[in-house]
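Chains as they are written, first to last, in the numbering used here: chain A, 1 to 291; chain B, 292 to 582.
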């Protein structure tokens, strides 16, 4: 394997080993860590495939994983009531939502209704605030995964310039807060769709994080020679040369960026598996695990 | 007055006029907006002088302002109990703390104990989270004051680069969140004491915000020609040429920066009065005022 490519699967595996040992301890003490995903009963093949991957990961570390479905006909109110039930159910330690929420549902109302102690994705304003104040409890797992990758690779950021392309509530914004914290100490620039000249900022980055949500949006000549590139995007793009007719791609043109960078996360096999592992760890923590 | 200098007092006056009219409406409807500052009974001349200025501002807009003192001997526990009393007292709409907190007091415990609906400085994690999620309720008044100044001066930031020197919980971090919001749309860089080369970042700024906490730290040659400079610092520095022996100074070397910039906030008379006006507005809102 190319020495520049960061092996997200290997990092995830190490985290999962820690989580498995925490879960074993919890189970020995009589607690069965349990993650519940809440979704409408509408058909959604992409969610089903996501759930399968996540349930396999839960099985590997012996976390119980269920899906609770709410009848579409009961609408947002039914969804909120289900959140209340899960919040009150002592056998449930972690609650996960499928994003984006169904059309017409209020993120504001729904996120505020997740029991903060079970909010493993850090959606609740209280958890977003603890993160903003520099003492995160639960934070968006994708943003945490970027930090895990940097730590695993021994990439120190003090005095370095991190440029984040994307200001989303689930990646760009929380990642900026995490990178700015004392102890991490990056200088952080957040760019977005209204930024005048993305290339100018990207080219200054010691750490370039692409969280744009557009396949292969970042060309290689935006990567400063020697920069570290973390690609948060996952998209399926048409590929006639593949038997399936498609392949997975990130937000970065991988081959071009790989030539310029010092280290890069591939898609698939980069941020994705680490994000899942971080979710497992948050679930173990919510169930009373130590780490 | 020099055309480059932003007149913070005039901006504050316009805000106070709005607040006075909101307060008059509230009083006509039977509500007396009331702000309570909580402090230990220890002697602190700087706080007394700050309180006098703030109480004068409250009088101008007919907000009731009190100071509740807690005996030092009762410690953090007494302080927390006082917060509980103020939170439960329906005649109190807004609670203000003196920062920094007394040595040994836990910001974490104290900020989490302020009734969020009365937390006009946005200290509570819930309010910090609502800000981080892009729907601020109460936010640190100094950060809001910077936005007020930009709006009052008609300075649009979409596609512009804002560079914030300082990552503090009360200025730098919340200001970054405010500037990044949709509708404001700045590209934002946050620098701090661990940033390798502050000058390099400062010189790229269309908007340079100095929130360093060190008097006259930013030299004029850090200011890009034509940039807007907002100076958040307030320090008293020795000045033998003054009858008092001292003068007020900001984080920026004003004369040097004024030569290079297009607009600049002076110290005093810049961010300070607007911050006070923003606090008055937050108090009126907490009491049920409309804006």
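A virtual CB, placed ideally from N, CA and C, is assigned to each residue, including glycine.
Judged by DSSP in its simplified three-state form, residue 314/B adopts helix. By the beta-carbon neighbour count (other beta carbons within 10 angstroms, threshold 16), residue 409/B is buried.
For residue 408/B, there is no enclosing beta strand (DSSP E), as DSSP marks it with neither H nor E. Cβ proximity to chain B below 7 Å picks out 195, 196, 201 from the segment 195-212 of chain A.
Counting only residues of its own chain and dropping the five nearest sequence neighbours on each side, residue 361/B has a CB closer than 6 Å to the CB of 331, 369, 370, 373. Exposed is the label assigned to residue 308/B, since fewer than 16 other Cβ atoms lie within 10 Å of its Cβ. With 16 or more other Cβ atoms from the protein chains shown falling within 10 Å of its own Cβ, residue 451/B counts as buried. Per DSSP, the continuous alpha helix (DSSP H) segment holding residue 491/B begins and ends at 489-493. Judged by DSSP secondary structure, residue 357/B falls within the beta strand (DSSP E) whose first and last residues are 355-361.
In chain B, no part has a C-beta under 9 Å from the C-beta of residue 225/A; the shortest such distance is about 18 Å. Neighbours of residue 191/A in chain B, taken as residues at a C-beta separation under 8 Å, are given in chain order as 478. Taking the CA atoms as reference points, residue 65/A sits about 25 Å from residue 73/A.
Each residue's CA atom was taken as its position, placing residue 125/A and residue 262/A some 37 Å apart. For a Cβ distance threshold of 9 Å, residue set 458, 463, 464, 467, 481, 483 of chain B lies close to residue 180/A, ordered along the chain.
Taking the Cα positions, residue 135/A is about 15 Å away from residue 120/A.
For the segment 418-441 of chain B, the set of positions with a beta-carbon nearer than 8 Å to some beta-carbon of chain A reads 418, 419, 420, 421, 422, 423, 424, 425, 426 in chain order.
Interface residue (Cβ-Cβ distance to chain B less than 8 Å): residue 125/A is classified as such. For residue 325/B, the enclosing beta strand (DSSP E) has its first and last residue at 325-331.
Using a Cβ distance threshold of 8 Å, residue 165/A and residue 212/A count as a contacting pair. Our two residues, residue 532/B and residue 506/B, have alpha carbons roughly 18 Å apart in a direct line. At least one CB atom of chain A sits nearer than 8 Å to the CB of residue 399/B.
Fully contained in the segment 390-468 of chain B are the following alpha helix (DSSP H) runs of length 4 or more, in chain order: 398-404, 416-423, 432-443. Taking the Cα of residue 147/A as reference, the smallest distance to any Cα among 4/A, 194/A, 51/A, 277/A is reached at 277/A.
In terms of Cβ geometry, residue 274/A and residue 250/A do not form a close pair [threshold 8 Å].
In this structure, DSSP gives residue 84/A a helical state, which the three-state scheme calls helix.
Taken through DSSP and simplified to helix, strand or coil, residue 205/A comes out as coil. Just measuring C-alpha positions, the residue of 572/B, 579/B, 474/B sitting nearest residue 303/B is 572/B. Around residue 486/B, the same chain offers 492 as residues with beta carbons nearer than 7 Å, after the five sequence neighbours per side are excluded. Residue 490/B is positioned such that its CB atom lies no closer than 8 Å to that of residue 515/B.
For residue 530/B, the number of other beta carbons within 10 angstroms of its own is below 16, and it is reported as exposed. Per DSSP, the beta-bridge partners of residue 480/B are 189/A, 454/B.
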